[in-house]
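Residue numbers (the numbering used here): 40 to 348.
Here it is as structure tokens:
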């Protein structure tokens, strides 16, 4: 270490630090009354010159958009849900389907995969599981009050592609069934792990485009059809809620029709254990309460609504 700086230099340094503190207080004072934390951001940015502050952008959380939720579409005549696996429809829109079916809507299920990997049992007979899951899906539709079609595209579970051939399949069913409302997985959900959910969502959104435009797949011999509304469940940015309070127990009953999924999805090891079944009921109810809260209803199912189709 060298010798300390001269006394005059030390005094000058202290004087400059004092002037800097006074300029800083003036900067903060001029911004008095702003949101909490503004002064802290100014301190982090430091003030430069007499009365000039460096502009520091607030954190991203300061730019939260206020989402206004719409509530309850008019009940459609026909609705189609496109899902990756058996039971996805019941989780995503089971209460909505039950509500609409109760007032005469024809609800249709289009299941893209065979559900053959939906088990933790490594020794399961896959063909038997596929048959079981199809039967469970038909029973779930019946519980919801469904009078429409239950269609299985039969692609291998976990291996669903969002290619042109698969898009053609989805578009053909949209043209055949002519739904007013279509529902499905939100393919743009962040950090989604399961590829089938993502690809089923893309098949639906891209299938709508193909179904509505006459130059897509004219060899199908089916007239183009444009649905009125698309509802996407599992959305990161939902903006629509369907009130399902009167139909929550029907949703739960339809989910419980998928008995092969008790252990892997519903955490029910023993169907005879009423405590485990009741715990699952409470879980579904808690999710529905969370979904309904932004729209002011006790129980809801929330979606991203896209009306410009």
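Beta carbons: idealized from backbone N, C-alpha and C, even for Gly.
| Check | Outcome |
| --- | --- |
| Inter-residue Cα distance where the pair is residue 179 and residue 172 | 10 Å |
| For residue 197 and residue 234, the rounded distance between their alpha carbons | 7 Å |
| Given residue 265 as reference, the closest of 156, 314, 345 once Cα atoms are compared | 345 |
| Outcome for residue 321 when other beta-carbon atoms lying within 10 angstroms are tallied against a minimum of 16 | exposed |
| Residue 342 in three-state terms, based on DSSP | strand |
| Inter-stretch contact at 8 Å, needing at least 3 Cβ pairs: the segment 293-302 / the segment 122-132 | yes |
| Limits of the unbroken beta strand (DSSP E) element including residue 191 | 189-194 |
| Enclosing alpha helix (DSSP H) for residue 139 [first to last residue] | 127-141 |
| Per-residue burial, residue 267 [other beta carbons within 10 Å of its own, 16 or more giving buried] | exposed |
| Rounded Cβ spacing between residue 273 and residue 225 (contact assumed at less than 8 Å) | 5 Å |
| Nonlocal neighbours in the same chain, by C-beta distance under 7 Å from residue 231, ignoring five residues either side | 237 |
| Distance between residue 184 and residue 118 (C-alpha atoms, nearest Å) | 13 Å |
| Cutoff 8 Å; reference residue 338; Cβ partners in own chain excluding five residues on either side | 134, 282, 283, 284, 287, 324, 327, 328, 330, 331 |
| Minimum Cβ-Cβ distance from residue 127 to chain B less than 8 Å | Absent from the structure is chain B; it holds one protein chain and no more. |
| As assigned by DSSP and simplified to three states, the class of residue 95 | Below a pLDDT of 50, predicted positions are generally treated as unreliable, and residue 95, at 48, falls in that range; no measurement from the model is reported. |
| Beta carbon of residue 243 nearer than 8 Å to that of residue 342 | no |
| Cβ neighbour criterion (16 or more within 10 Å) applied to residue 153 | buried |
| Coarse secondary structure for residue 208, derived from DSSP in three states | helix |
| Local conformation of residue 86 per DSSP, three classes | For residue 86, the predicted structure reports a pLDDT of 40, less than 50, and the residue's modelled location is therefore unreliable. A value from the coordinates is still provided. Residue state, collapsed to three classes: strand. |
| Cβ pair count under 8 Å reaching 3, the segment 137-151 against the segment 107-116 | yes |
| Where residue 231 falls: helix, strand or coil (DSSP) | coil |
| Whole-number beta carbon distance between residue 249 and residue 241, since they are thought to touch under 8 Å | So it is not a contact: roughly 12 Å between Cβ atoms. |
| Same chain, Cβ closer than 8 Å to residue 46, five either side skipped, listed in chain order | Since pLDDT at residue 46 reaches only 48, below the 50 mark, its modelled position is unreliable, and the value read off the structure follows with that caveat. Taken in chain order, the list of residues that qualify is empty. |
| Own chain partners of residue 169 with C-beta closer than 7 Å, once the 5 adjacent residues on each side are dropped | 153, 154, 155 |
| Option nearest residue 305 by Cα separation, candidates 201, 208, 158, 111 | 158 |
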